[in-house]
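Novice: Protein chains in written order, with the working numbering: chain B, -5 to 151; chain W, -1 to 161. Glycine included, every Cβ here is placed at the ideal spot set by N, Cα and C.
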Amino acid sequence: MALTGDNRYFEDFEAGQVMRHARGKTLCEQDNVGITLQVMNTAEGHFNEDLMQRSAAGRGGWSRRVQFGGVTIAMVIGLAMQDTGENALAELGLDKIRLKAPVFHGDTLYAYTEVLHVEQIERDDGGIVTFRHYGVNQNDEVVFEGERTVLMRTRSA
Amino acid sequence: MSDSDFRARAVLMGKGNRYEDMVPGRTFDHHWGRTITDGDNAAFTTQTLSFCPLYFNAPYAQSLGHPGTVVNPLLVFNLVFGLSVEDLSEGGGPFLGVDDCRFHKAVYPGDTLTARSTVEDARESRGQPGFGIVRWHTEGFNQHGDRVLEFRRTNLVRRRGGE
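1) Note down, in chain order, each residue of its chain lying with its Cβ closer than 8 Å to the Cβ of Arg147 of chain B, except the 5 sequence neighbours on either side.
2) Just to confirm the assignment: which complete alpha helix (DSSP H) runs, minimum length 4, are found wholly within the segment 0 to 70 of chain B?
3) Using the Cα positions of Gln76 of chain B and Glu116 of chain B, report the straight-line distance between them to the nearest angstrom.
4) Residues in the same chain with beta-carbon distance under 6 Å from Arg165 of chain W, minus the five sequence neighbours each way, listed in chain order, please.
5) Candidates B:Leu93, B:Leu145, B:Val27 and B:Arg92: which alpha carbon is nearest Gly100 of chain B's?
6) Determine the burial state of Phe7 of chain B: buried for a count of at least 16 other Cβ atoms within 10 Å of its Cβ, exposed for fewer.
7) Between B:Arg58, B:Leu103 and B:Asn133, which has its C-alpha nearest Ala68 of chain B's C-alpha?
8) Given a cut-off of 9 Å on the beta-carbon distance, is the pair Val146 of chain W and Phe93 of chain W in contact?
9) Applying the 10 Å Cβ sphere with the 16-neighbour rule, what's the burial state of Trp134 of chain W?
10) Round the Cβ separation of Asp74 of chain B and Ala105 of chain B to the nearest angstrom and send it over; I've been treating them as touching at under 8 Å.
11) Specify the secondary structure class of Leu47 of chain W as computed by DSSP and reduced to three states.
12) Pull up the CB-CB distance for Phe79 of chain W and Val33 of chain B, whole angstroms please, since I reckon it's below 8 Å.
13) Say whether chain W places a C-beta atom closer than 9 Å to the C-beta of Arg58 of chain B.
14) Among all the DSSP beta bridges, which residues are the ones paired with Ser115 of chain W?
15) Quick one: list the residues of chain W neighbouring Met34 of chain B, beta-carbon separation under 8 Å, in chain order.
16) Taking Leu72 of chain W and Thr46 of chain W to be in contact with their CB atoms under 8 Å, please state how far apart those CB atoms are, rounded to whole angstroms.
17) Is the beta carbon of Thr66 of chain B less than 9 Å from the beta carbon of Val112 of chain B?
18) List, in order along the chain, the chain B residues whose C-beta lies closer than 8 Å to that of Leu94 of chain W?
19) Would you decide whether Asn133 of chain B is buried or exposed? Buried here means 16 or more other CB atoms lie within 10 Å of its CB.
20) Below 8 Å CB to CB, which residues in the same chain sit around Gly95 of chain W once its five sequence neighbours on both sides are set aside?
21) Answer yes or no: does any C-beta atom of chain W fall closer than 9 Å to that of Ala82 of chain B?
22) Should Asp144 of chain W go down as buried or exposed, given a rule of 16 or more other Cβ atoms within 10 Å for buried?
23) Counting beta carbon pairs with one atom in the segment 23 to 35 of chain W and one in the segment 110 to 123 of chain W, are three or more of them shorter than 8 Å?
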């Protein structure tokens, strides 16, 4: 019995492919406040609503808690993971990550991915795939983009 | 409010640094460290829909040569980033981007991560006079001192008096 899907091995990726991933995620306090504090991020703008209401002018002009960018990055890549990493052997890196608009509790994120490069290497069990991921909110505004490089398992391995 | 009022006597135990503290070449050895548990990994991975079984299916991870589940690299990234926040960016200012992030070594539940950052660049922001733009090189290490990841982060950082 295969634990992973049969259509997302190294051999299935081709430069130029663009995917719209099937699921969206509405961000809630559990996502932003929960993960921000789980990873010891002490910046109050992510978890002190009173501070944000009192000092909006001094905190980027936002009058409510803003989602930690690390959560946005993880959530968009997560939304893309089944299609772009279910058969990963290892995550190799991230690059050109840009947070282009703030994300707030109640916003919904959707993910898109473009395959940038596919590279065969000197091993039988995998090859390297580079993606560009995009995160889009409920108003179709791009809030995140960035590149990700994965060592992807070959079907034959 | 009397003299004995605790609020009148209280001194703010302030946290964080400002743009003026970000001198290129300065290194921060960040506080605390954090042992990553199985619970952290499973919760983070499922909450972010990060559906690769390496991170939540131990026999599957073992079949690919690991001793058990692998810690989701996005959690490693977030945790090392999180440990750096008090020193680098708690003073306020949006996080703009990350470049050159490399995952050097797998992390497993039970490993303890620490973080260190060096200021690479600091310049004034023309568009936002209350802020500067700072780039740091941040590295994460396991309990054996092996570097598990590195990345460059760029942020707006509030200037002193830039409230």
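Specialist: In short, the structure shows the following:
1) Stepping through the first sequence from its first residue, residue 147 of chain B is reached at position 153. Tyr3, Phe4, Asn81, Ala82, Leu83, Asp119 and Gly120, listed in sequence order.
2) 23 to 32 and 43 to 48
3) Translated into positions along the first sequence, residue 76 of chain B becomes position 82. Translated into positions along the first sequence, residue 116 of chain B becomes position 122. Going by the C-alpha atoms only, they are around 26 Å apart.
4) No answer is possible for residue 165 of chain W: the residues shown for chain W start at -1 and end at 161.
5) For the purposes of this step, residue 100 of chain B is taken as the residue at position 106 of the first sequence. Ranking the options by Cα distance to Gly100 of chain B, first place goes to B:Val27.
6) If you number the first sequence from 1, residue 7 of chain B lands on position 13. Buried is the call here.
7) Working through the first sequence from its first residue, we reach residue 68 of chain B at position 74. Out of B:Arg58, B:Leu103 and B:Asn133, B:Leu103 has the C-alpha closest to the C-alpha of Ala68 of chain B.
8) Here residue 146 of chain W is taken as the residue at index 148 of the second sequence, counted from 1. Here residue 93 of chain W is taken as the residue at index 95 of the second sequence, counted from 1. Going by C-beta atoms, Val146 of chain W is not nearer than 9 Å to Phe93 of chain W.
9) As a first step, residue 134 of chain W is located in the second sequence; it is residue number 136 there, counting from the start. With 16 or more Cβ atoms within 10 Å of its Cβ, Trp134 of chain W is classed as buried.
10) Reading the first sequence from its first residue, position 80 is the one you call residue 74 of chain B. Reading the first sequence from its first residue, position 111 is the one you call residue 105 of chain B. It should be noted that the sequence gives Ala, not Asp, for residue 74 of chain B. 4 Å between Cβ atoms; contact.
11) Indexing the second sequence from 1 puts residue 47 of chain W at position 49. Here Leu47 of chain W sits in coil by DSSP.
12) As a first step, residue 79 of chain W is located in the second sequence; it is residue number 81 there, counting from the start. As a first step, residue 33 of chain B is located in the first sequence; it is residue number 39 there, counting from the start. Contact holds; Cβ gap of about 7 Å.
13) Walking along the first sequence from the start, residue 58 of chain B turns up at place 64. It does not: the Cβ of Arg58 of chain B has no partner Cβ on chain W nearer than 9 Å.
14) The residue given as residue 115 of chain W occupies position 117 in the second sequence. Ser115 of chain W pairs with W:Phe26 and W:Thr136.
15) Here residue 34 of chain B refers to the residue found at position 40 when the first sequence is read from its first residue. What Met34 of chain B touches in chain W: Trp30, Arg32, Leu77, Gly80, Leu81 and Val83.
16) Numbered from its first residue, the second sequence carries residue 72 of chain W at position 74. Numbered from its first residue, the second sequence carries residue 46 of chain W at position 48. Thr46 of chain W and Leu72 of chain W do touch by the CB rule: their CB atoms are close to 7 Å apart, below 8 Å.
17) In the first sequence, counting from the first residue as 1, residue 66 of chain B sits at position 72. In the first sequence, counting from the first residue as 1, residue 112 of chain B sits at position 118. Not a contact, by the Cβ cut-off of 9 Å.
18) What you label residue 94 of chain W is simply residue 96 of the second sequence in a count that begins at 1. In chain order: Arg92 and Leu93.
19) As a position in the first sequence, residue 133 of chain B is number 139, starting the count at 1. Residue burial is scored here from C-beta neighbours: Asn133 of chain B has fewer than 16 other C-beta atoms within 10 angstroms and is therefore classed as exposed.
20) By 1-based counting over the second sequence, the position of residue 95 of chain W is 97. Excluding sequence neighbours, Gly95 of chain W sits near Arg151 and Thr152.
21) Mapped onto the first sequence, residue 82 of chain B falls at position 88. Ala82 of chain B counts as touching chain W.
22) Locating residue 144 of chain W in the second sequence gives position 146, where the first residue counts as 1. Exposed, since its Cβ has fewer than 16 Cβ neighbours within 10 Å.
23) Touching, yes, given that three or more Cβ pairs across the two stretches are closer than 8 Å.
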